[in-house]
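Trainee: Take -8 as the starting number for the sequence shown in my numbering and just add one per residue. Note that beta-carbon positions come from the ideal geometry of N, C-alpha and C, so glycine has one too. Can you keep this structure in mind? I'll have questions shortly.
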Amino acid sequence: MASAFGHAAAAFTASRFFPKFLMQKRVIFLGVASSIMPDIDVLAFKYGIPYEDLWGHRGITHSIFFAVLWSVALVYLFHSKSKSENKRNLFIFYFLATASHAILDSFTTGGAGVAFFAPFDNERYFAPWRVIKVSPINASRFFSEWGLRVLASEAKYIGIPCLALWGIAKSYKMAKGK
Ligand SMILES: [Zn+2]
């Protein structure tokens, strides 16, 4: 995992690309929760499920398939009365927020790769550049020098790209007059 801060920053950044009226607090909250949610699979360690298993850490909950199902479920549960165009945009937002998690994980320096294509292919993948310092799985270990090094690395490799994307989103919206 990257840290919860790194994942949340990605979800916030994704929200900038959508019309303001759609991105209500509740929606952003769900997006941020979605960006952290895939790590629910660390519970697997508790039950003795090995890392490389489909149900192991960075397995099925980190897949594109899961991101689609999860986003459909959120739209169905929270936005069933929205117009279809809004539903489509909300789906895309939740999907990006959820999928950003696995993408960031694939850039980290530790752990196994990410099962992007599970359950169809349980191969684990990494990005070509592994630059983000991996965050400890045990939260208590985050409050240590390791945590500080993670934050410094995320500021550089997540924070700066996110700021650049915010800038792009802003100028795009200004150009479109939204
Ligand atoms: Zn993860």
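Thinking just about the alpha-carbon of each residue, which of 5, 32 and 34 is nearest to the one in residue 21?
Mentor: 5
Trainee: Ligand 1 heavy atoms versus the CB of residue 44: any closer than 6 Å?
Mentor: no
Trainee: Select from 7, 106, 8 and 85 the residue whose C-alpha is nearest the C-alpha of residue 93.
Mentor: 106
Trainee: What do you reckon, is the C-beta of residue 29 under 6 Å from a heavy atom of ligand 1?
Mentor: Yes, the Cβ of residue 29 comes within 6 Å of a heavy atom of ligand 1.
Trainee: Specify whether the segment 126 to 146 and the segment -8 to 11 touch according to this definition: at least 3 beta carbon pairs, one from each stretch, less than 8 Å apart.
Mentor: yes
Trainee: Where does residue 55 fall in DSSP's three states?
Mentor: helix
Trainee: Can you check DSSP and say which residues form a bridge with residue 66?
Mentor: Answer is none; residue 66 lacks a bridge partner.
Trainee: Thinking residue 171 and residue 99 are a contact (beta carbons under 8 Å), I'd like their distance in whole angstroms, please.
Mentor: The shown model of the chain, from -8 to 169, leaves out residue 171, and the question about it has no answer.
Trainee: Are the CB atoms of residue 42 and residue 88 within a distance shorter than 7 Å?
Mentor: In this structure, residue 42 does not lie closer than 7 Å to residue 88 by Cβ.
Trainee: Let me know the secondary structure DSSP gives residue 141 once reduced to three states.
Mentor: helix
Trainee: Label residue 163 either buried or exposed according to how many other C-beta atoms from any shown protein chain fall within 10 Å of its C-beta, with 16 as the threshold for buried.
Mentor: exposed
Trainee: Mind the definition here: the segment 1 to 16 touches the segment 151 to 160 only if three or more C-beta pairs lie below 8 Å; say whether that holds.
Mentor: yes
Trainee: Jot down the residue ranges of each uninterrupted beta strand (DSSP E) in the segment 54 to 135, minimum 3 residues, whole runs only, in chain order.
Mentor: none
Trainee: DSSP three-state call for residue 164: helix, strand or coil?
Mentor: helix
Trainee: With contact counted as at least three CB pairs below 8 Å, one residue from each stretch, are the segment 28 to 42 and the segment 64 to 77 in contact?
Mentor: no
Trainee: Comparing alpha-carbon positions, which option in 73, 80, 7 and 50 lies nearest residue 28?
Mentor: Answer by Cα proximity: 50.
Trainee: Decide if residue 47 is buried, meaning its Cβ has at least 16 other Cβ atoms within 10 Å, or exposed.
Mentor: buried
Trainee: Determine the burial state of residue 124: buried for a count of at least 16 other Cβ atoms within 10 Å of its Cβ, exposed for fewer.
Mentor: So residue 124 counts as buried.
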